[in-house]
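**Q**
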Amino acid sequence: MILVDIRTEDDIYYALHCVRFLMRDVPFNESEKQSVSVTVLELARNIIQHGGANGTLRCELTEDKLQLTFTDTGSGISNPEEIMKGRYRSASGLGLGLAGAKRLMDEFTLESSTKGTIIHAAKRINGNRRRTST
């Protein structure tokens with residue numbers, strides 16, 4: 001298990017390095033590794049830009065999946081349904097980070113309140129690719 005504090009731009013790249021290190025012996029193909037890497041970059045950047053630059057990434061390798069949990073203490077997401085459907089455009093970017101990350105991963109859940117946001121995303125190992133999300 002890896003736990004990385006996300007507070008600066010440098011932390012984003014450290015988190016990516018740690019996740020890539022953890023994936024080194026996982027039987028993911030290059031496309032799957034790239035999907036995980038893009039998800040880490042997008043969701044860690046969201047912590048910096050929208051989550052008060054105060055969050056964490058927990059990465060855990062289990063027998064059947066690579067589980068990522070992003071947590072921040074920002075003000076929460078006021079319109080998660082609109083964002084997850086790809087209809088929202090933020091002033092600071094394309095607004096496709098969350099929706100894109102959801103498409104890249106096999107599992108994706110988002111919980112948000114005025115006290116912060118928690119996102120669980122997972123990539124399954126060994127071809128067990130049935131998608132689930134809420």
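For the sequence shown, position 41 (counting from the first letter as 1) is numbered 41 according to my numbering, and the numbering increases by one without interruption.
For each residue, glycine too, the CB sits at the ideal point set by N, CA and C.
Who are the Cβ neighbours of threonine 69 in its own chain at under 6 Å, not counting the five residues just before and after it?
**A** Locating residue 69 in the sequence shown gives position 69, where the first residue counts as 1. Contacts found: Arg58, His120.
**Q** Report the rounded CA-to-CA distance for aspartate 64 versus isoleucine 77, giving the unit in angstroms.
**A** Your numbering for residue 64 matches position 64 in the sequence shown. Your numbering for residue 77 matches position 77 in the sequence shown. Looking at the two C-alpha atoms, the distance is approximately 30 Å.
**Q** Under three-state DSSP, which class holds glutamate 63?
**A** Walking along the sequence shown from the start, residue 63 turns up at place 63. Looking at glutamate 63 - three-state DSSP - the assignment turns out to be coil, as it is neither helix nor strand.
**Q** Please classify threonine 117 as buried or exposed, where buried requires at least 16 neighbouring CB atoms within 10 angstroms.
**A** As a first step, residue 117 is located in the sequence shown; it is residue number 117 there, counting from the start. Burial call: buried.
**Q** Express the C-alpha separation of isoleucine 2 and valine 19 in angstroms, rounding to a whole number.
**A** Within the sequence shown, the letter at position 19 stands for residue 19. Within the sequence shown, the letter at position 2 stands for residue 2. In a straight line, the C-alpha of valine 19 is about 8 Å away from that of isoleucine 2.
**Q** From what residue to what residue does the beta strand (DSSP E) around threonine 109 run?
**A** The residue labelled residue 109 in the question sits at position 109 within the sequence shown. Threonine 109 -> beta strand (DSSP E) spans 107 to 113.
**Q** Run through DSSP, which three-state label would glycine 100 get?
**A** Position 100 of the sequence shown holds residue 100. Helix.
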